[in-house]
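Protein chains in written order, with my numbering: chain A, 907 to 1265; chain B, 907 to 1265. We treat Cβ as the ideally placed atom computed from N, Cα and C, and that holds for glycine. So the structure is just underneath, and the comments pick up after that.
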């Protein structure tokens, strides 16, 4: 029986994608080889590689003035690569802090140059996206960095800042969950393991003009231009992860594209938020109303004992990954693109039932 | 029909490994999830992760005084991470140059400090492992770096240098192909995509004592100690690639371990070298006798036209990946652990037949 997978990442992958990967795992495209056994310089693999690139461009409406790269090392490596490449000596990297991953990005940038925090909601345990920031004083800015969705706290940016300096976003946990205007950003990055496929590949979408401003003397493999020049084939890419990414992107297209997926995500998250909002305070959302995430729904129960009981009964009913992160406590349901609506509705029903039995 | 896969990397994976991965791709260990969908913090995944670690330790006889890490970024990222962590300001990184990958490792090290070439066979198109080096003058050495097997040129170290400074080896293309004495090395690294599994994971085996000498102020994700402290789970690891690695290691164990695999590899390479050596000069080996690789067999034919014809007919007979690298020309057969003996014997037969028909 298929689990109701609410893992925060690595997370659910669409069942039809897994079934297709299974079917062709030993013999890809009649090559007599697995896709994992293909040379990354072969025509068969290059088709996979380029299909992933063009599907992502199509689905997100990425203009030709942007590069799409497939790298390794996750968002954690981007935290270092970005300042290494784009934080110039006499400039400042600006940050709006919305969670633990913003903190990690800031920490690494500090090793490479000047940084400044424009706003932070840390004092309120990151329960909302900071709104009280001014972009007036950022002329010395190399870039402005935001985290578009905060997996741990269950918050998400609705309206991105309109910045006069290059805007960079870590979209690891919400890329492709809703329509975005790519042209607002100079660089977007995302580890694949939430909405895009398995862990092991990182997507980078970057404005060509911005890429040209990069520092010199960056180690070859950590230099974005290396990967641009080589279509992400400078060294051996994680071929199987990119293959899975291409299948997931095809699946998103088959669903009707990002617009349609967004609508389904709103219904999915809506079902669970509704169970919270109609619980007479039994469940409490961690995120404030204006910052609620479509992807990670965080909530607490009246006490520790009920939380434990809830997680135990949920487990017995085949719900996986509902324990909250220790810094928030309570529960978290990650409702990434691949989590079926049916799973979210089943969870909402279970939440209602549990409340009725334990209020 | 299964191809005779002689790809240089990504390369053949054992068929039983692929079949097992296929079988459990949608439902791993009765979790109702794919192994790709498991949280990297879950018990089910941790068992996979730790099994890969302990099997590698068992198969290579890695002592407890060493760490085993699973990283991302391939050997190319190690080229930067090694000098970043271990090339101290007042010291020199020494290199013995045996091919294009040695050159890449040297190039990156130069960005971080002093380097010195102890020996090189570049003048002879790297057709042998340099032997004319002296380790007398290396007291200022941070480390000595070698490439244990040279995929492009088809050469391999037989006897490793006995160095008084830490010895570091890029074993990407021959790890696990034969028994080695790990204790000769302070650090061994290898991209998985030749002998260990799919691309996307890099194995690092490092002496704890050596790791303690690392520089400070290294970016978190590029700092080996980050990964040591977190059992390679600091950030989301490439879970599926590590799962495949664990299956490949299990397969090696089932074959009878590294000693047995080495014996089979000697028979496999022996069959092809024999076809070269008994061809009356029709096939010429690129590597000199004393430096021949067990893993990559490089040879040329009398002329360009015959080379093309050979590759064309080979393709028709289901042999994949036999074109040589442009810097050597001719042909190359990569006979990694997962390439069956039968495939090597079939290639040797075909080589004999082709020579008879075209001499």
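Does the separation of the CB atoms of residue i and residue j fall below 8 Å?
| i | j | result |
| --- | --- | --- |
| residue 1227 of chain B | residue 913 of chain B | yes |
| residue 1258 of chain B | residue 1181 of chain B | yes |
| residue 1158 of chain A | residue 921 of chain A | no |
| residue 1065 of chain A | residue 1168 of chain A | no |
| residue 938 of chain B | residue 909 of chain A | yes |
| residue 979 of chain A | residue 1127 of chain B | yes |
| residue 1134 of chain B | residue 1103 of chain B | no |
| residue 1070 of chain B | residue 1041 of chain B | yes |
| residue 918 of chain A | residue 943 of chain B | yes |
| residue 1187 of chain A | residue 1088 of chain A | no |
| residue 1130 of chain A | residue 1263 of chain A | no |
| residue 1114 of chain B | residue 972 of chain B | yes |
| residue 1109 of chain A | residue 962 of chain A | yes |
| residue 1124 of chain A | residue 911 of chain A | no |
| residue 954 of chain B | residue 1149 of chain B | yes |
| residue 945 of chain B | residue 916 of chain A | yes |
| residue 975 of chain B | residue 1138 of chain B | yes |
Using the beta-carbon count (16 or more within 10 Å), is residue i buried or exposed?
| i | result |
| --- | --- |
| residue 970 of chain A | exposed |
| residue 1016 of chain A | exposed |
| residue 881 of chain B | Since the first residue of chain B shown is 907 and the last is 1265, residue 881 of chain B is not available in this structure. |
| residue 1056 of chain B | buried |
| residue 1239 of chain B | buried |
| residue 1184 of chain B | exposed |
| residue 1223 of chain B | exposed |
| residue 1165 of chain B | exposed |
| residue 1174 of chain A | buried |
| residue 1265 of chain B | exposed |
| residue 1060 of chain B | buried |
| residue 1221 of chain B | exposed |
| residue 1162 of chain B | exposed |
| residue 949 of chain B | exposed |
| residue 1243 of chain B | buried |
| residue 907 of chain A | exposed |
| residue 1218 of chain B | exposed |
| residue 1261 of chain B | buried |
| residue 1136 of chain A | exposed |
| residue 1210 of chain A | exposed |
| residue 1171 of chain B | buried |
| residue 1014 of chain B | buried |
| residue 1232 of chain B | exposed |
Check for me: the alpha helix (DSSP H) holding residue i runs from which residue to which?
| i | result |
| --- | --- |
| residue 950 of chain A | 949 to 966 |
| residue 1146 of chain A | 1145 to 1161 |
| residue 1237 of chain A | Segment 1237 to 1240 is the beta strand (DSSP E) holding residue 1237 of chain A; no alpha helix (DSSP H) there. |
| residue 1008 of chain B | 1006 to 1016 |
| residue 1204 of chain A | Run containing residue 1204 of chain A: none in the alpha helix (DSSP H); it sits in the beta strand (DSSP E), 1202 to 1206. |
| residue 1113 of chain A | Segment 1108 to 1113 is the beta strand (DSSP E) holding residue 1113 of chain A; no alpha helix (DSSP H) there. |
| residue 992 of chain A | 980 to 992 |
| residue 1257 of chain A | 1247 to 1264 |
| residue 927 of chain A | 921 to 929 |
| residue 1220 of chain B | 1210 to 1222 |
| residue 1130 of chain B | 1130 to 1135 |
In terms of residues, what are the limits of the beta strand (DSSP E) holding residue i?
| i | result |
| --- | --- |
| residue 1119 of chain A | Taken as a continuous stretch (DSSP letters only), residue 1119 of chain A belongs to no beta strand (DSSP E), as it is neither H nor E. |
| residue 1084 of chain A | Per DSSP, residue 1084 of chain A belongs to no beta strand (DSSP E) and is neither H nor E. |
| residue 1020 of chain A | 1020 to 1026 |
| residue 889 of chain B | As shown, chain B starts at 907 and ends at 1265. That puts residue 889 of chain B outside it, with no answer to give. |
| residue 973 of chain A | 972 to 977 |
| residue 1001 of chain A | 998 to 1003 |
| residue 1096 of chain B | 1093 to 1097 |
Exercise. If you measure beta-carbon to beta-carbon, which residues of the region 1121 to 1133 of chain A are closer than 8 Å to chain B?
Worked result: 1123, 1125, 1126, 1127, 1128
Exercise. Residues in the region 923 to 953 of chain A with C-beta within 7 Å of chain D's C-beta atoms, listed in sequence order?
Worked result: In summary, chain D is missing from the structure at hand, where the protein chains are A and B.
Exercise. Taking a cut of 9 Å between CB atoms, which residues from the region 1167 to 1196 of chain A lie near chain B?
Worked result: none
For this session: Examine the Cβ distances between the region 1004 to 1015 of chain B and the region 1136 to 1156 of chain B and report whether three or more of them are shorter than 8 Å.
Result: no
Exercise. Taking one C-beta from the region 1191 to 1211 of chain B and one from the region 1030 to 1045 of chain B each time, how about it: are there three or more such pairs within less than 8 Å?
Worked result: yes
For this session: Name, going along the chain, the residues of the region 1015 to 1036 of chain A whose beta-carbon falls closer than 9 Å to a beta-carbon of chain B.
Result: 1017, 1018
Problem set entry | Residues in the region 1086 to 1116 of chain B having any Cβ partner in chain A nearer than 7 Å | 1097, 1099, 1104, 1105, 1106
Problem set entry | Interface positions of the region 1136 to 1152 of chain A facing chain B (Cβ-Cβ less than 8 Å), listed along the chain | 1140, 1141, 1142, 1143, 1144, 1145, 1146, 1147, 1150
Problem set entry | Interface positions of the region 907 to 923 of chain A facing chain B (Cβ-Cβ less than 9 Å), listed along the chain | 907, 908, 909, 910, 911, 913, 914, 915, 916, 917, 918, 919, 921
Problem set entry | Any 3 or more C-beta pairs closer than 8 Å across the region 1041 to 1055 of chain B and the region 1068 to 1079 of chain B | yes
Exercise. Is the region 1088 to 1099 of chain B touching the region 979 to 986 of chain B in the sense that three or more CB pairs, one from each, lie closer than 8 Å?
Worked result: yes
Exercise. Should the region 1237 to 1252 of chain A be regarded as contacting the region 1200 to 1211 of chain A, the criterion being three or more beta carbon pairs within less than 8 Å?
Worked result: yes
Problem set entry | Cβ-based contacts, 8 Å cut-off: residues of the region 966 to 985 of chain B near chain A | 978, 979, 980, 981, 982, 983, 985
Problem set entry | Interfacial residues, the region 1219 to 1230 of chain B to chain A, with Cβ spacing under 9 Å | 1224, 1226, 1227
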